[in-house]
Amino acid sequence: MQHDLASPKAQTPHRAGSPGEVLGAFLKLGLTSFGGPIAHLGYFRAEFVERRRWLDDNSYSDLVALCQFLPGPASSQVGIALGLSRAGWLGAFAAWLGFTLPSAIALILFALGVAGHGDLAQSGIVHGLKVMAVAVVAQAVWGMTKALCPDRQRGAIALTAALVVLSLNSPFSQLFAIAGGGLVGWRLLTLPHLPAANHRDYGVSRGGGARLLALFAVLLLAFQALAVFTDSAAGAAIAGFYQAGSLVFGGGHVVLPLLQTSVVVPGWVGNDIFLAGYAAAQAVPGPLFTFAAFLGAAMPAPLGGWHGGLLLLLAIFLPSFLLVGGALPYWEALRQRDGIQRAMAGINAAVVGILGAALYDPVWTSAIHARTDFALALAAFGLLLLTRISPVVVVALAALAGGLMQP
Numbered sequence: 000m001q002h003d004l005a006s007p008k009a010q011t012p013h014r015a016g017s018p019g020e021v022l023g024a025f026l027k028l029g030l031t032s033f034g035g036p037i038a039h040l041g042y043f044r045a046e047f048v049e050r051r052r053w054l055d056d057n058s059y060s061d062l063v064a065l066c067q068f069l070p071g072p073a074s075s076q077v078g079i080a081l082g083l084s085r086a087g088w089l090g091a092f093a094a095w096l097g098f099t100l101p102s103a104i105a106l107i108l109f110a111l112g113v114a115g116h117g118d119l120a121q122s123g124i125v126h127g128l129k130v131m132a133v134a135v136v137a138q139a140v141w142g143m144t145k146a147l148c149p150d151r152q153r154g155a156i157a158l159t160a161a162l163v164v165l166s167l168n169s170p171f172s173q174l175f176a177i178a179g180g181g182l183v184g185w186r187l188l189t190l191p192h193l194p195a196a197n198h199r200d201y202g203v204s205r206g207g208g209a210r211l212l213a214l215f216a217v218l219l220l221a222f223q224a225l226a227v228f229t230d231s232a233a234g235a236a237i238a239g240f241y242q243a244g245s246l247v248f249g250g251g252h253v254v255l256p257l258l259q260t261s262v263v264v265p266g267w268v269g270n271d272i273f274l275a276g277y278a279a280a281q282a283v284p285g286p287l288f289t290f291a292a293f294l295g296a297a298m299p300a301p302l303g304g305w306h307g308g309l310l311l312l313l314a315i316f317l318p319s320f321l322l323v324g325g326a327l328p329y330w331e332a333l334r335q336r337d338g339i340q341r342a343m344a345g346i347n348a349a350v351v352g353i354l355g356a357a358l359y360d361p362v363w364t365s366a367i368h369a370r371t372d373f374a375l376a377l378a379a380f381g382l383l384l385l386t387r388i389s390p391v392v393v394v395a396l397a398a399l400a401g402g403l404m405q406p
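In numbering that gives the first Met the number 0, the protein residues as written are 0 to 406.
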């Protein structure tokens, strides 16, 4: 928001609701919102613009643009901002809790089931879920390529990012690819200038926003230092998940390679369990970032179980609260800077390449071992891309097929 809080163009914040009202509204969505972040934004518009009239279409579109600009889960960030507008910071937490908790609980229960039955991890059902993950990531790469790489320049950025990640055997290769994509986009891309717009006031002052952004940066550095200097597995996990929530651009699927680096590379969670949980996350409503709860519950001590799942769930979503609250007062100033827009376009193209690399390793290499595996992945991809069948149904069919294919 470029306008000062006293500006006549800034609308006064609405605090007409209560945290309980916000919790009830978002809990309903958390139980029923299938289909990924784009579908979630459609559910939000129908519920809060058309039915409840908490805000108008222009304010909602502007909020969506901000949350797509920021790293992190866009639909969850929109929900946090809506709760903030309706009932302050307690409303923001209530919105996140209602939208997130149902899927998080389901995934923690699934993780406990996998951990409690060792043979389940090697079952045909879990193998079917791993194959399903190939189809899900392939669909994400397909859609993001069309949306975020519409020209040769951005296509080249994506291809280069994929080559960097596949060639450099380093946990920092993804961050290097993102930074390089932003730099190349800033220097080389040409984009139209965005028109100015009026903005809703969410009750966060510029000073408050600056403090939230400073806290976000301090925690990012502090968690990394904690992981390095204490040699703590829990500290390293918290640092990795906070970093993932801080640096993921382009949607929930892009979190896959960052989390894979955080938990599979150190050997805390095997690739089989990782991909089975990722596929299971497609079958539950709510944000894909609740995959963090599955991983936290599946990890060994000192994490694992309910406390591990909830701790890493908080770690991956905490950046969203700080970034949304911090950026809201500065959104208009940010969006009007052409250099920022070019850099973000380059970053978005780079994350397409990173996700494309993840489609090969670890997703493809861990799941596709035979012609029948590829056939199942291709069938699931076709159902996701070409039909209106719910992803929940496709996940169930893939798990069933995997069980039937097991010798």
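Beta carbons: idealized from backbone N, C-alpha and C, even for Gly.
- The Cβ atoms of F320 and F288 lie no closer than 8 Å to each other.
- Counting the other Cβ atoms within 10 Å of the Cβ of P18 gives 16 or more, which makes it buried.
- Excluding residues up to 5 positions away in sequence, P70 lie with their Cβ nearer than 6 Å to the Cβ of L246 in the same chain.
- Counting only runs that start and end inside the segment 327-406, the alpha helix (DSSP H) elements of at least 4 residues fall at 330-334, 337-357, 370-385 and 390-404.
- Residue state for H252 is assigned as helix, using DSSP reduced to three classes.
- Nearest in C-alpha terms to V113, of all of G325, G303, V392 and W88, is G303.
- Three or more Cβ pairs closer than 8 Å define a contact, and the segment 153-163 falls short of that threshold against the segment 394-404.
- Annotation: the continuous alpha helix (DSSP H) that includes S166 extends over R151 to S166.
- Here the alpha carbons of G97 and A15 stand approximately 19 Å from one another.
- For the pair A395 and M131, the Cα-to-Cα distance works out to about 10 Å.
- In this structure, the CA atom of I272 is about 30 Å from the CA atom of A94.
- Comparing C-alpha distances from L81 to each of A110, S102, R51 and F228 shows the shortest one belongs to R51.
- The C-beta distance from S74 to L40 rounds to 6 Å, short enough to fall under 8 Å.
- A contact is defined here as three or more CB-CB pairs under 8 Å, and the segment 156-165 meets this definition with respect to the segment 352-372.
- When the Cα atoms are used, I237 and M404 turn out to be separated by approximately 38 Å.
- Annotation for L384: Q138 place their beta carbon closer than 6 Å to its own, counting only its chain and skipping 5 residues before and after.
- In this model, L89 and L83 are separated by some 7 Å (Cα to Cα).
- For W141, the uninterrupted alpha helix (DSSP H) run begins and ends at G123 to L147, by DSSP.
- Within the segment 168-192, the complete alpha helix (DSSP H) segments of 4 residues or longer fall at 172-187, listed in chain order.
- Counting only residues of its own chain and dropping the five nearest sequence neighbours on each side, L62 has a CB closer than 7 Å to the CB of V77 and A80.
- Of P301, H192, S204 and L182, the smallest CA-CA separation from A235 is found for P301.
- Remark: C-beta atoms of V323 and C66 approach each other more closely than 8 Å.
- Of the candidates L211, H252 and V48, the residue whose Cα lies closest to the Cα of P72 is H252.
- Between the beta-carbon of A314 and that of F293 there is about 14 Å, and that puts the pair past the 8 Å contact cut.
- V125 and L212 have their alpha carbons spaced roughly 41 Å apart.
- Considering only L375, A296 and G345, the residue with the shortest C-alpha distance to L158 is G345.
- Using a 10 angstroms sphere on the CB of P318, the tally of other CB atoms reaches 16 or more, which defines it as buried.
- Note on the segment 43-97: whole alpha helix (DSSP H) runs with a minimum of 4 residues are 56-68, in chain order.
- Rounded to whole angstroms, the separation of the alpha carbons of A24 and S365 is 39 Å.
- Annotation for S245: the continuous alpha helix (DSSP H) segment containing it runs A232 to L246.
- Judged by DSSP secondary structure, T289 falls outside any alpha helix (DSSP H); it is assigned neither H nor E.
- Annotated as distal: G308 and A91, with beta-carbon spacing of 8 Å or more.
- By alpha-carbon distance to L26, the top candidate from K145, H306 and P284 is P284.
- In the structure shown, D200 adopts coil according to DSSP, grouped into three states.
- Counting of Cβ neighbours within 10 angstroms places I388 among the exposed residues, the total staying below 16.
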